[in-house]
Amino acid sequence: MDDTQVADPKPIRRLDETLINKIAAGEIIHRPASALKELLENSLDAGATSIKVTVKEGGMKLLQIQDNGHGIRKADLPILAERFTTSKLSTFSDLSRITTYGFRGEALASISHVAHLSVVTKTKTDSCAWKATFVDGSLVDTKTGQKSEPRPSAGNDGTTISIEDLFYNTPTRLSALRSSSEEYSRILDVMIKYAIHNPSVSFICKKAGSPSPDLSTPSSSETSTSIRLLYGHSITKELIHSKVSSARKQRKDDDAMDEDDEERDDPESWDAEIYFTNVNYQAKKMVFLLFINHRLVESPRMKRALEAAYQSVLPKGTSPFLYLSLQIDPRSVDVNVHPTKREVHFLNEEAITEKIADTIQENLAKQSHSRTFEYQTLLTGTGGILNTENILPQKRPRKEKESSDEDRVAEEQAGPPQSTADPKRKVYSHQKVRTSLQDRTLDSMFRVTNQSQPQGSSSKVSETTTPPGNTLSKSRDIKESQCFLTSIKNLRQSVLRSKHRQLSEIIEKHIFVGIVDIHRCLSLVQCSTKLYLLNHDALAEELFYQLGLRQFGDFSRIKLDPPPSLREMIKMAVDAEEDLESSTSLTKPQIVDRVEKILVDRREMLSEYFSLNISDDGHVESIPLLLRDYIPNLDNLPNFLMRLGPQVDWMSEAECFETFLRELAYFYTPTLPTPTSADVQEKDQYKAERWQIQHILFPAMRRYLIPSKSLLDRDVVQIANLPDLYKVFERC
107 MDDTQVADPK
117 PIRRLDETLI
127 NKIAAGEIIH
137 RPASALKELL
147 ENSLDAGATS
157 IKVTVKEGGM
167 KLLQIQDNGH
177 GIRKADLPIL
187 AERFTTSKLS
197 TFSDLSRITT
207 YGFRGEALAS
217 ISHVAHLSVV
227 TKTKTDSCAW
237 KATFVDGSLV
247 DTKTGQKSEP
257 RPSAGNDGTT
267 ISIEDLFYNT
277 PTRLSALRSS
287 SEEYSRILDV
297 MIKYAIHNPS
307 VSFICKKAGS
317 PSPDLSTPSS
327 SETSTSIRLL
337 YGHSITKELI
347 HSKVSSARKQ
357 RKDDDAMDED
367 DEERDDPESW
377 DAEIYFTNVN
387 YQAKKMVFLL
397 FINHRLVESP
407 RMKRALEAAY
417 QSVLPKGTSP
427 FLYLSLQIDP
437 RSVDVNVHPT
447 KREVHFLNEE
457 AITEKIADTI
467 QENLAKQSHS
477 RTFEYQTLLT
487 GTGGILNTEN
497 ILPQKRPRKE
507 KESSDEDRVA
517 EEQAGPPQST
527 ADPKRKVYSH
537 QKVRTSLQDR
547 TLDSMFRVTN
557 QSQPQGSSSK
567 VSETTTPPGN
577 TLSKSRDIKE
587 SQCFLTSIKN
597 LRQSVLRSKH
607 RQLSEIIEKH
617 IFVGIVDIHR
627 CLSLVQCSTK
637 LYLLNHDALA
647 EELFYQLGLR
657 QFGDFSRIKL
667 DPPPSLREMI
677 KMAVDAEEDL
687 ESSTSLTKPQ
697 IVDRVEKILV
707 DRREMLSEYF
717 SLNISDDGHV
727 ESIPLLLRDY
737 IPNLDNLPNF
747 LMRLGPQVDW
757 MSEAECFETF
767 LRELAYFYTP
777 TLPTPTSADV
787 QEKDQYKAER
797 WQIQHILFPA
807 MRRYLIPSKS
817 LLDRDVVQIA
827 NLPDLYKVFE
837 RC
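If you use this note's numbering, the sequence shown corresponds to residues 107 to 838, in order.
#1: Starting from N827, trace the alpha helix (DSSP H) in both directions and tell me its first and last residue.
#2: Starting from the N-terminal side, write out each stretch of the beta strand (DSSP E) that is 3 residues or longer and does not extend beyond the segment 571-658.
#3: Distance, Cα to Cα, V823 vs P324?
#4: Cα separation between C633 and L817?
#5: Give every residue of the same chain whose Cβ lies closer than 8 Å to the Cβ of D528, excluding the five residues on either side of it in the sequence, and list them in chain order.
#6: Drop a sphere of 10 angstroms on the beta-carbon of C627, count the other beta-carbons inside from all chains shown, and report buried for 16 or more, exposed for fewer.
#7: Per DSSP, what kind of secondary structure is S671 in: helix, strand or coil?
#8: Give me the Cα-Cα distance between F650 and Y810, rounded to the nearest whole angstrom.
#9: Can you tell me whether G521 is buried or exposed? The criterion is at least 16 other CB atoms within 10 Å of its CB, across all chains shown.
#10: Just confirm the distance between the C-beta atoms of V350 and K461, as a whole number of angstroms; I'd bet it's less than 8 Å.
#11: Kindly indicate which residue of R603, V631, S604 has the alpha-carbon position closest to the one of K615.
#12: Tell me the DSSP secondary structure of P436 in three-state form.
#13: Restricting to Cα atoms, I'd like to know which of P813, Q657, F804 is closest to R603.
#14: Buried or exposed: which applies to A414, given that a residue is buried once 16 or more other Cβ atoms fall within 10 Å of its Cβ?
#15: Examine the Cβ distances between the segment 164-183 and the segment 139-155 and report whether three or more of them are shorter than 8 Å.
#16: Could you work out which residue in I466, L639, E761 is closest to V619 when comparing CA atoms only?
#17: Along the chain, where does the beta strand (DSSP E) that runs through Q170 open and close?
#18: With respect to the beta strand (DSSP E) encompassing S268, which residues constitute its N-terminal and C-terminal limits?
#19: If the criterion is Cβ atoms closer than 8 Å, does the pair R663 and L731 meet it?
#20: Kindly indicate the opening and closing residues of the alpha helix (DSSP H) around F716.
#21: So, with DSSP's three-state summary, where would you put I720?
#22: Give every residue of the same chain whose Cβ lies closer than 7 Å to the Cβ of L591, excluding the five residues on either side of it in the sequence, and list them in chain order.
#23: Taking the alpha carbon of R807 as the reference point, which residue from I458, E163, L653 has its own alpha carbon closest?
#24: Helix, strand or coil for I676? Go by DSSP, reduced to three states.
#25: With respect to the beta strand (DSSP E) encompassing P730, which residues constitute its N-terminal and C-terminal limits?
#26: Measure from the alpha carbon of S713 to the alpha carbon of each residue in V701, E702, V726, then state which is nearest.
#27: For the 8 Å Cβ check, are there 3 or more pairs between the segment 245-255 and the segment 269-285?
#28: Just list the residues that DSSP pairs E379 with in beta bridges.
#29: So, with DSSP's three-state summary, where would you put R504?
#30: Measuring straight from C-alpha to C-alpha, what distance separates N827 and R796?
#31: Compare the Cα-Cα distances from R401 to each of K116, H222, L146, V706 and report the closest residue.
#32: If L747 and L672 are in contact, beta carbons under 8 Å, what's the gap, nearest whole angstrom?
#33: Inspect the beta-carbon positions of L345 and S330 and report whether they are closer than 8 Å.
#34: Using DSSP bridges, identify the partner residues of R257.
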């Protein structure tokens with residue numbers, strides 16, 4: 107090529123100030139949750155004891171933080187949103203002694219370049235509050251767009267910061283954000299972490315227009331109390347609290363108090379406070395809250411090391427909860443290594459991590475004798491290939507508690523004591539109602555040759571004498587899982603809104619009479635003086651759907667041992683389908699490939715939300731357990747896995763969760779084939795499934811089912827009423 111055709115080098119120019127600030131803003135503010143983190147830290151630095159956050163459309167439309175801290179002086183407002191304006195430090199050497207959250211003065215400046223920022227603040231000495239609005243770091247008037255001074259406004263002591271239309275001028279960043287519900291869940295996650303570390307501060311978070319907050323914590327609380335409020339009682343009762351510090355600090359604590367000055371001069375001293383779960387708590391993902399010098403940070407290396415401390419005591423695939431607050435001399439910590447202060451570097455990181463891990467292992471070793479398990483020794487219709495294990499094991503109830511529960515039920519049935527002075531009222535026959543749980547059912551009215559317990563059940567009481575109302579009274583309640591997804595909240599609200607009062611009363615107060623017709627799935631129940639014919643399959647399917655919705659994200663699980671091949675099970679179901687070629691242009695191998703790819707690609711989501719674990723090599727390791735002591739017919743498992751491909755709407759969040767739970771409920775619905783031969787094993791399996799319907803399904807319906815009017819229209823029919831029957835007999 108000729109030298110004359112070589113292009114000249116492009117000149118180097120200074121970037122425009124506005125472009126520089128927008129680039130810097132992108133390093134600090136990634137999403138609404140990162141903006142919230144910066145402003146929460148400012149409120150805590152200001153000494154706030156109450157912080158209230160209001161969110162609209164996941165923080166993208168509005169993110170407002172109100173605190174009762176010491177406020178901002180009016181004279182400081184003009185430079186409040188300029189870059190590198192701070193009250194935390196003045197010289198570079200101050201970085202080695204920094205103890206506050208913020209110090210660079212970039213948070214509000216960055217926000218003002220990507221959103222509409224307004225501040226209302228009042229100090230204790232001010233006679234009124236002052237309001238200021240900022241655009242690109244400058245204090246301006248929103249109406250004219252010209253520079254202006256702060257305006258007097260009504261307000262309480264403290265500061266209220268409002269961020270509106272986040273990323274309105276950076277559409278690429280805005281389009282990269284997730285849905286508003288997911289962004290809101292990230293906001294709640296940030297607030298939960300800071301609420302646990304700051305139990306003396308009240309945190310409130312709510313959606314704009316919502317009458318009640320989604321998160322509310324009291325002030326003057328304790329760390330363990332905050333963990334119980336925000337993560338649930340199941341974690342709190344398994345928590346271990348421990349403190350550990352550097353060896354030198356421990357020696358000095360044992361010596362005279364006059365050596366404290368020497369300790370303060372030691373830059374390598376540190377101490378830590380840990381809350382961690384014992385071996386009885388198991389979760390799908392590790393929850394690791396790490397605060398170093400009160401700053402929320404991340405440390406993948408420390409997280410892996412502490413998680414490794416549990417490897418020898420927790421089952422594979424389960425993880426603990428761990429909260430760690432580490433106090434290190436500021437001179438040993440470099441906080442200026444990440445724009446959002448998400449990471450820090452400090453001296454002796456490996457040695458500190460190793461000592462904390464050793465402390466955790468020592469405490470776990472002391473607690474290992476209390477580990478408890480729940481399992482079922484023999485399952486129905488599975489050929490002995492399964493083991494069940496709850497993710498959150500609980501201890502078996504004490505004998506004293508069981509007897510007291512039975513006494514309480516008997517007292518409730520007996521009613522209040524009758525006064526001997528009152529004359530007895532005559533009760534006519536047509537007004538008498540059979541309510542005793544010990545009364546006979548249809549099955550008990552026929553002579554049977556074997557009174558032993560049906561194979562596969564866990565109770566030791568015979569089928570004819572087991573009180574149907576007591577089966578679930580001795581097992582743990584199925585509690586509603588904590589979930590911040592709007593789609594799940596809406597589905598739960600939809601179930602509550604469709605509740606039918608009269609049918610709910612029938613289900614809650616029914617007495618099981620018996621299974622009438624197996625082929626048509628019909629059973630009889632009595633409520634008061636009325637007799638009802640139910641389609642127990644329809645009611646069971648709705649029950650299992652609601653149980654799945656109730657436990658979303660926190661399922662127990664059924665482990666498959668050995669785990670079957672996902673592809674082989676899908677192929678088995680596809681081969682069993684008749685006239686499949688006429689309904690689709692795909693061949694059977696193509697259908698198997700497509701369904702397998704759908705499930706494998708989404709296996710992380712299936713594991714996290716539904717406890718449907720698929721291994722890397724394509725084996726189904728576990729499926730969700732919806733109801734304790736009830737095992738679905740695993741002969742239908744291939745068909746269930748195959749139907750997940752075409753029947754679940756994978757493209758929409760709410761529809762995906764609803765259709766998946768509907769398919770799961772359909773899989774759990776009992777199937778009761780009539781014995782076709784004299785095979786003893788087949789008959790035992792048949793009797794066991796009938797036993798599950800009477801002693802597990804119907805008590806579960808009584809406790810958990812929220813029936814809708816559609817069930818009353820199609821699947822519940824009143825067939826007799828005692829007073830009407832007496833009228834018929836009188837005519838005869």
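A virtual CB, placed ideally from N, CA and C, is assigned to each residue, including glycine.
Quick caveat, the model's predicted, so the values are computed rather than measured.
Quick look at the numbers:
#1: As a working mapping, residue 827 is identified with position 721 in the sequence shown. Note, N827: premise wrong, no alpha helix (DSSP H); beta strand (DSSP E) at 822-827.
#2: Along the segment 571-658, the beta strand (DSSP E) occurs as fully enclosed runs of 3 or more residues at 617-623, 628-633, 636-641, listed in sequence order.
#3: Position 717 of the sequence shown, counting from 1, holds the residue named residue 823. Position 218 of the sequence shown, counting from 1, holds the residue named residue 324. For the pair V823 and P324, the Cα-to-Cα distance works out to about 50 Å.
#4: Along the sequence shown, read from residue 1 onward, the residue named residue 633 stands at position 527. Along the sequence shown, read from residue 1 onward, the residue named residue 817 stands at position 711. So the two alpha carbons sit approximately 16 Å from each other.
#5: Taking the sequence shown and counting its residues from 1, the one referred to as residue 528 is at position 422. Confidence is the limiting factor: at D528 the pLDDT is only 47, short of 50, which leaves the residue's position unreliable and the question unanswerable from this model.
#6: To locate residue 627, count along the sequence shown from 1; it is residue 521. Under a 10 Å Cβ-count criterion, C627 is classified as buried, with 16 or more other Cβ atoms of the shown protein chains found around its own Cβ.
#7: For the purposes of this step, residue 671 is taken as the residue at position 565 of the sequence shown. Looking at S671 - three-state DSSP - the assignment turns out to be strand.
#8: Residue 650 sits at position 544 when you count from the first residue of the sequence shown. Residue 810 sits at position 704 when you count from the first residue of the sequence shown. Cα to Cα, F650 sits roughly 10 Å from Y810.
#9: If you number the sequence shown from 1, residue 521 lands on position 415. Residue placement at G521 cannot be trusted, given a pLDDT of 44 that sits under 50; the coordinates are not used to answer.
#10: Sequence index remark: in the sequence shown, residue 350 carries index 244 (1-based). Sequence index remark: in the sequence shown, residue 461 carries index 355 (1-based). Contact flag correct, Cβ pair sits at about 6 Å.
#11: Along the sequence shown, read from residue 1 onward, the residue named residue 615 stands at position 509. Restricting attention to R603, V631, S604, the CA atom closest to the CA of K615 is found in V631.
#12: Position 330 of the sequence shown, counted from the first residue, corresponds to residue 436. Here P436 sits in helix by DSSP.
#13: One-based indexing of the sequence shown puts residue 603 at position 497. Taking only the C-alpha atoms, the option nearest R603 is P813.
#14: Position 308 of the sequence shown, counting from 1, holds the residue named residue 414. Its Cβ having fewer than 16 others within 10 Å, A414 is exposed.
#15: Contact between the segment 164-183 and the segment 139-155 is present: 3 or more CB-CB pairs across the two stretches fall below 8 Å.
#16: Your numbering for residue 619 matches position 513 in the sequence shown. Checked all of I466, L639, E761; the closest Cα to V619 is L639.
#17: To locate residue 170, count along the sequence shown from 1; it is residue 64. Element bounds for Q170: 168-173.
#18: Translated into positions along the sequence shown, residue 268 becomes position 162. S268 -> beta strand (DSSP E) spans 264-270.
#19: Taking the first residue of the sequence shown as position 1, residue 663 is located at position 557. Taking the first residue of the sequence shown as position 1, residue 731 is located at position 625. Taking 8 Å as the Cβ cut-off, R663 and L731 qualify as a contacting pair.
#20: What you label residue 716 is simply residue 610 of the sequence shown in a count that begins at 1. Start and end: 709-716.
#21: Taking the sequence shown and counting its residues from 1, one reaches residue 720 at position 614. Note: I720 maps to strand in three-state DSSP.
#22: The count along the sequence shown starts at 1 and reaches residue 591 at position 485. Only S287, S291 meet the Cβ criterion.
#23: Looking up residue 807 in the sequence shown gives position 701. First, the residue type needs correcting, since residue 807 is Met and not Arg in the sequence shown. Checked all of I458, E163, L653; the closest Cα to M807 is L653.
#24: Counting from 1 along the sequence shown, the entry for residue 676 is found at position 570. It is helical.
#25: Numbered from its first residue, the sequence shown carries residue 730 at position 624. P730 -> beta strand (DSSP E) spans 726-731.
#26: Working through the sequence shown from its first residue, we reach residue 713 at position 607. Checked all of V701, E702, V726; the closest Cα to S713 is V726.
#27: Note that the segment 245-255 does not touch the segment 269-285; fewer than 3 beta-carbon pairs, one per stretch, sit closer than 8 Å.
#28: Start at 1 with the first residue of the sequence shown, and residue 379 comes out as number 273. In DSSP, E379 forms a bridge with K349, S431.
#29: Looking up residue 504 in the sequence shown gives position 398. Confidence is the limiting factor: at R504 the pLDDT is only 37, short of 50, which leaves the residue's position unreliable and the question unanswerable from this model.
#30: Indexing the sequence shown from 1 puts residue 827 at position 721. Indexing the sequence shown from 1 puts residue 796 at position 690. Computed Cα separation, rounded: 27 Å.
#31: In the sequence shown, counting from the first residue as 1, residue 401 sits at position 295. Out of K116, H222, L146, V706, L146 has the C-alpha closest to the C-alpha of R401.
#32: Taking the sequence shown and counting its residues from 1, the one referred to as residue 747 is at position 641. Taking the sequence shown and counting its residues from 1, the one referred to as residue 672 is at position 566. Taking the Cβ atoms as the reference, L747 lies roughly 7 Å from L672, within the contact range of under 8 Å.
#33: Reading the sequence shown from its first residue, position 239 is the one you call residue 345. Reading the sequence shown from its first residue, position 224 is the one you call residue 330. Cβ distance < 8 Å, so L345 and S330 count as in contact.
#34: Here residue 257 is taken as the residue at index 151 of the sequence shown, counted from 1. Under DSSP, R257 forms a beta bridge with K237.
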